[in-house]
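Numbering (the numbering used here), first residue to last: 365 to 605. Using N, Cα and C, we set each Cβ at its ideal position, and we do this for glycine too.
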């Protein structure tokens, strides 16, 4: 039996405050790069990775994203896209719970402003063979600029997760691709009143329960979260578009 994950959830709920000079107030994923939106480029890459079932979680100006999905050039990608809309800000954890009814038993999560250089199939195989409930991709902080480490890794095991740690033993940051088993969210879902909470709450619980594995990636990622990041990405996308 082949080891596959067939679904990905894209988190697009943020307001993109830091990049409004470029987005002109639209959601970050709709920023144009060489006459294509970042969302379109990201969807093309996800399809190239062999994933066709996509959930887009959106909040800020969600109708603009919905309108984009309806355009012919995205329809022509022949992807199965569902929209999960936040009526208020839910954070990364709340956004996953808000999309709970659409989720497969195992699924990927990616941020809507991230461009990743990682083989999804390798990550999926490692995850599904591990029997753990989640896998987090990591990168050594020395390979990326303007980021502070937040992950302590020892003997290929994630020991701790802290935002912007000043502890020198923390040498890794999360890369931006995570896979989960849906059932770990069931306890959260039982008492779920729509509220804002961060995904790090779930990550910390998984670490405590020894139910999370790491996968180190050696190729840097890109984002469009700031003007500096955007222009850096715009330079490299010439190579891959």
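| Asked | Found |
| --- | --- |
| May I have the straight-line CA-CA distance separating residue 376 from residue 448, to the nearest angstrom? | 10 angstroms |
| Would you identify the three-state DSSP class for residue 517, choosing helix, strand or coil? | strand |
| In angstroms, rounded to a whole number, what distance separates the CA positions of residue 397 and residue 598? | 7 angstroms |
| Can you give the beta carbon distance from residue 539 to residue 594, rounded, assuming they're within the 8 angstroms contact cut? | Not quite, the Cβ-Cβ distance comes to about 19 angstroms (not below 8 angstroms), so this is no contact. |
| Would you list the residues sitting across from residue 545 in a DSSP beta bridge? | 470 |
| With a threshold of 8 angstroms on Cβ separation, who are the neighbours of residue 499 within its own chain once the five nearest residues in sequence on each side are excluded? | 487, 490, 491, 542, 543, 576, 577, 578 and 579 |
| Classify residue 506: buried if its beta carbon has 16 or more other beta carbons within 10 angstroms, exposed otherwise. | exposed |
| Grouping DSSP H, G and I as helix and E and B as strand, with all else coil, what is residue 573? | coil |
| Do residue 429 and residue 466 come within 7 angstroms of each other at the CB atom, strictly closer than that value? | no |
| Decide if the stretch 373-391 is in contact with the stretch 468-477; the criterion is three or more beta carbon pairs, one per stretch, under 8 angstroms apart. | yes |
| Could you give the DSSP three-state label for residue 540: helix, strand or coil? | strand |
| For residue 484, is the classification buried or exposed, using 16 other Cβ atoms within 10 angstroms of its Cβ as the cut-off for buried? | buried |
| Between residue 434 and residue 445, what straight-line distance do the alpha-carbon atoms span, to the nearest angstrom? | 10 angstroms |
| Is DSSP giving residue 485 helix, strand or coil here? | helix |
| According to DSSP, is residue 417 helix, strand or coil? | strand |
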